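For the record, the sequence lines run as chains A and B. Numbers given in our numbering equal positions in the first sequence, counted from 1, plus 786. Numbers given in our numbering equal positions in the second sequence, counted from 1, plus 19. Input: a single structure, listed below in structure tokens.
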Amino acid sequence: MRRDELIDVVITSHWENGRRNTPNLIRVDDPTYSYLVGKNERGEGYFIIWPGDGPVGQLDAKTYKVVLEEGKKAGIKPPYHIYARYEVYQSNNVCFYKIPDKILAHLGLSESNDRYNEATEE
Amino acid sequence: MELMPFQIAASTQIADRCQQYLQDPLRVRGNTIVPFYQNLSAITGSGKTLILADAIEQIRSRLPIEPIVLWLSKGRVVVWQTFANLSTGKYAELLGGYTVKPLLDCKPTDVENADSGLVLVATVGKFNQRDKSEGDRRIFQVGLDVADQSLWDLLKSRKDSKGRRRPFIVVYDEGHNLSNQQTNLLLELEPDALIAASATMKIPEALAKTIDRLKQDLGWGDNELVTAVHSSDVVKSGLVKKHIMLGGYVTPMEIAINEMISEMERAQKAAARQGLRFSPKGIYVSNTNMPDGSTLKDDLARPFKQRMARPILIWRHLVETLKVAPTEIAVYCDLKFDPKHPAPAAFNLFAGGDSDYDRFVAGGYKHIIFNLSLQEGWDDSECCFAYIDKDMGSPDQVTQVIGRVLRQPGAQHYPAPILNTAHFYIRTDEKDVFKAILEDVKKKIAADAPDITLSIRRDTHGTGRGFRPPLKKKTVATAAIDSTDAKAPIKEIVDKMIDYRKDSVNVVGKGGRIKVLQDIGSAKDAKEEWVEVEHSNRVTARWVFVRAIQKRHPKAVRLCDIEYPKFDAMLEYHSIAADNIREAADKVVDAYINHSAIVQNVLDHPYEIDSVPVDETKVTKFTNAIHAEYSDLNKFEREFAEALDKTRKIWCRNPQQGAFGIPLLDKGNTRTFNPDFLVWTRDHVYAIDTKGDHLIVEDAGRKLFHIKKIEDGPELVIRLVTQGKWNADFTKTNGSSGYTVWSLKQGKLHAEHCTDAAKAANACLRTP
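Spelled out as structure tokens, the structure:
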């Protein structure tokens, strides 16, 4: 999956626990942000830690600092919703979503019964 | 939805017990067994549905044949919500092994086809007919377009295509509402297990026989019949509110409501200040068609403005005096109007029609005037305020309303206590009535949720405030967990895990055989017989692994590559493979705990001291504290607080289950440490916790640690204080007085004895 495809999935399939009738996220399309990709109607920010063309990154002290800076610039307050491969830095100001697991769950796969990978893949 | 450890503990216990029972169940006669029974006892807001959903998924993983679950909820309105949540909504992820259908849509093929579990969602309202044939026929007979066998019989025989009888589990949310007739009807289906959830252990009489058998023949007591969720875990998790504040008003309705509205405005401002977009809602509970103080019905023939019905008066006060927009107010009760004198167009009345509930929920109203009996089952986590009108304020009703406002918005506690509080404004005729209500609420809270603090508004004539605002602006760095060093050891453990995808031996279950009824012989002279089945329904390695980690430290999962193809392996719950996976999960959690560190970060939205709730009947005033006074101090804490006050440093009391918390990395049950006091000096913030003697041995290890600073700013330092003279090896001198201050010196535990509280306070604040 490419970065922009992933952003599409996050923006369109994200729903919040316990909030009915919640509209989808509003996409933030500003290249000056490295990680910020969307906002919800409460003004909370959605971030994907995926720098440039490399692999999906991790939320650590370094990337979280960038999130904090971007949050400040965009006028976003916590909790920060962050998608990344690992949550190495764990702050209570963050709602974390693991890539690819959370994305697969967004797409309807179940942890208990579905294979995440093609059966032939080793 | 991610499960919390206490939720997994509860669902696992239910599943374990069910499996164990079904291996050797009690018999009634012939092939009928006494069903397994379990009551999940948990307070409102603890995630009962979530626990039940996970319990049936876990039970499924331990059964030899895919089960059928009849999932019952009470109200017709709630059942559709439940169906949506289980089939496609927030609980669907947990029920991956099940197909979810409304009961009426169940067709014989659904029962015959045992490729996956089947959840049938229904409401008990539809079962409540003594005579099945005269009841709502749609329920007791399948439709015309289906085979002519009734649904009832279908569920009773529940044979799959191989003639095996599928396990049948009845799950009932709000179990205390089961009537005898309903229970008898359910028992006629010969279920294998009954799982009910309720806060009270009230059992319908019809179930007494079942429970008596379990008690007498198996020696079960409450311990075995009930899976209890500790309310302290629920409160700590942030799922429910931390405080309940009660005010009794012997005044007209208007004064009580005025005060509630002004407090709601304060709460809204606090929410806005924190950047929270939810806005606290208020409910108004009153009689419907009775005027105040009268047993006569309100006269419908009068024009709206002359009507005396309580909901109308409350609505008019909100709209006409307090200038609340009518679009924000819903009136949800069976209020009558004469066609000649209809309600104003802006009056949003929901009188209980079928589509009303959806319309009501979609409306997002901020003020809801209702009559309890109409909307059982409705609750909204944004409800933080409740006005209870005279005549509604019986102790019983008040405790019922508490359940309605207990859920915490956003399922997390906020720094502002006003947002973690359920506020009650109770109007009564006499002070004694309020006292009786108070006693009852106290009893109920003490029994159900002792961790929720209760405070009382003393002055209820317009000036009373249950909170003390901060007098100075002070912040503390946010503490977080940095697992940088845990990543490599965790990766090593995960990488070494065996790939069981092509294994056909180790993925097979051992022991734990469950018997199933199966048709033996040809169709003509088939005979039902018990057949022992060794295998259980398979689940993914991923599910076993994630579940095992979540049970101990959920965040450790977020460092694991659980998307690896090897986690796709399908295996049985009691297989060697599953055991190995659980062992690896334990190692992952150990590595996570051992190699992670607590860090402090002033850039990560430092915690700003907010107002504190006080019980106005027992306050102590202070001079240098951030708040003018505190109320929840015990004797030891008060002595120490007075000594802190005399150091002339700025300090504050951090409320119990406090506002400011430091994450803990250990195997203990609590994941957050809320120090009693915070003290500011130029370069440091001291987090000081006073400790009872019995806790110091454990807590010196758990709560006294160095917090690494990752950005420039004042440094957060932890100190513990005990009474008497202690040595660093935890021996206390008998009969000693004074205090001991515990700190870390060069990474080692250091105990310093001080003869009085003043010296102890100064020792705590010594630069490390």
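Cβ atoms here follow ideal geometry from the backbone N, Cα and C, with glycine treated the same way. None of these values were measured; they are calculated from a predicted model.
In this structure, DSSP gives Tyr592 of chain B a state outside helix and strand, which the three-state scheme calls coil. For the segment 495-515 of chain B, the beta-carbon criterion of a distance under 7 Å to any beta-carbon of chain A is satisfied by Thr497, Ala499, Ile500, Asp501, Ser502, Thr503 and Lys506. Straight-line measurement puts the Cα of His713 of chain B at about 44 Å from the Cα of Phe586 of chain B.
Runs of the beta strand (DSSP E) lying entirely within the segment 492-522 of chain B and spanning at least 3 residues, in chain order: 497-501. Taking 4 residues as the minimum length, the alpha helix (DSSP H) runs contained wholly in the segment 38-116 of chain B are 67-80 and 95-106, in order along the chain. The beta carbon of Pro864 of chain A falls within 7 Å of a beta carbon belonging to chain B, placing the residue at that interface.
The beta carbons of Leu739 of chain B and Lys764 of chain B sit no closer together than 7 Å. Here the C-alpha atom of Met327 of chain B lies approximately 46 Å from the C-alpha atom of Lys640 of chain B. In the DSSP annotation of this structure, Arg183 of chain B is not part of any alpha helix (DSSP H), being labelled neither H nor E.
With respect to Ala29 of chain B, Ile78 of chain B sits apart: the two C-beta atoms are not nearer than 7 Å. Tyr626 of chain B and Ile681 of chain B have their C-alpha atoms spaced approximately 11 Å apart. Using a CB distance below 7 Å, the part of the segment 550-568 of chain B facing chain A consists of Val558, Thr559, Arg561, Trp562 and Val565, ordered along the chain. Under the DSSP assignment, Asp192 of chain B falls outside any alpha helix (DSSP H), being part of the beta strand (DSSP E) whose first and last residues are Phe187 to Asp192.
Runs of the beta strand (DSSP E) lying entirely within the segment 222-307 of chain B, each at least 3 residues long, are 245-247, 262-268 and 300-304 in chain order.
The Cβ of His614 of chain B sits no closer than 7 Å to any Cβ of chain A. Counting only unbroken stretches of 4 or more residues, the alpha helix (DSSP H) elements lying wholly within the segment 324-375 of chain B are 329-335, in sequence order. A contact between stretches requires three or more CB pairs, one per stretch, nearer than 8 Å, and the segment 870-889 of chain A meets this requirement with the segment 835-851 of chain A.
Between the alpha carbons of Trp670 of chain B and Leu354 of chain B lies a gap of roughly 53 Å. Around Tyr444 of chain B, the same chain offers Gly266, Tyr268, Ala275, Ile276, Glu278, Met279, Phe404, Ala405, Tyr406 and Ile407 as residues with beta carbons nearer than 8 Å, after the five sequence neighbours per side are excluded.
Within chain A, the C-beta atoms nearer than 9 Å to that of Ile581 of chain B come from Lys884, Asp887, Glu897 and Tyr902, in chain order. The bridge partners DSSP lists for Lys120 of chain B are B:Leu139. Along the segment 614-644 of chain B, the positions whose C-beta sits under 9 Å from a C-beta of chain A are Ser615, Val618, Asn620, Leu622, Asp623 and His624, read in chain order.
When CB distances to chain B are screened at a threshold of 9 Å, the residues of the segment 831-856 of chain A falling below it are Gln844, Leu845, Asp846, Ala847, Tyr850, Lys851, Leu854 and Glu855, in chain order. Legend: CB atoms of the segment 868-880 of chain A lying less than 8 Å from CB atoms of chain B belong to residues Tyr872, Glu873, Val874, Tyr875, Gln876, Ser877, Asn878 and Asn879. The C-beta of Lys574 of chain B comes closer than 7 Å to at least one C-beta of chain A.
Taking C-alpha positions only, Leu663 of chain B is separated from Pro436 of chain B by approximately 23 Å. DSSP places Ala215 of chain B inside the beta strand (DSSP E), whose first and last residues are Ala212 to Ala216. Annotated three-state conformation of Ile421 of chain B is helix, per DSSP. When beta bridges are read from the DSSP output, Cys881 of chain A appears opposite A:His867. The beta carbon of Arg701 of chain B sits closer than 8 Å to those of Pro733, all from its chain and outside the five residues before and after it, given in chain order.
Between the segment 113-126 of chain B and the segment 210-219 of chain B, the count of Cβ pairs shorter than 8 Å is below three; the stretches do not touch. By the Cβ rule, the segment 457-464 of chain B does not count as touching the segment 587-601 of chain B, because fewer than three pairs are nearer than 8 Å. Using beta-carbon distances, Asp451 of chain B does not count as an interface residue toward chain A, since no partner is under 7 Å.
Taking a cut-off of 8 Å on C-beta distances, the segment 551-560 of chain B does not touch the segment 608-618 of chain B, as fewer than three cross pairs fall below it. In this structure, Ala362 of chain B sits near Phe323 of chain B, with a CB-CB distance shorter than 7 Å. Within 10 angstroms of the beta-carbon of Arg476 of chain B lie 16 or more other beta-carbons, which makes it buried.
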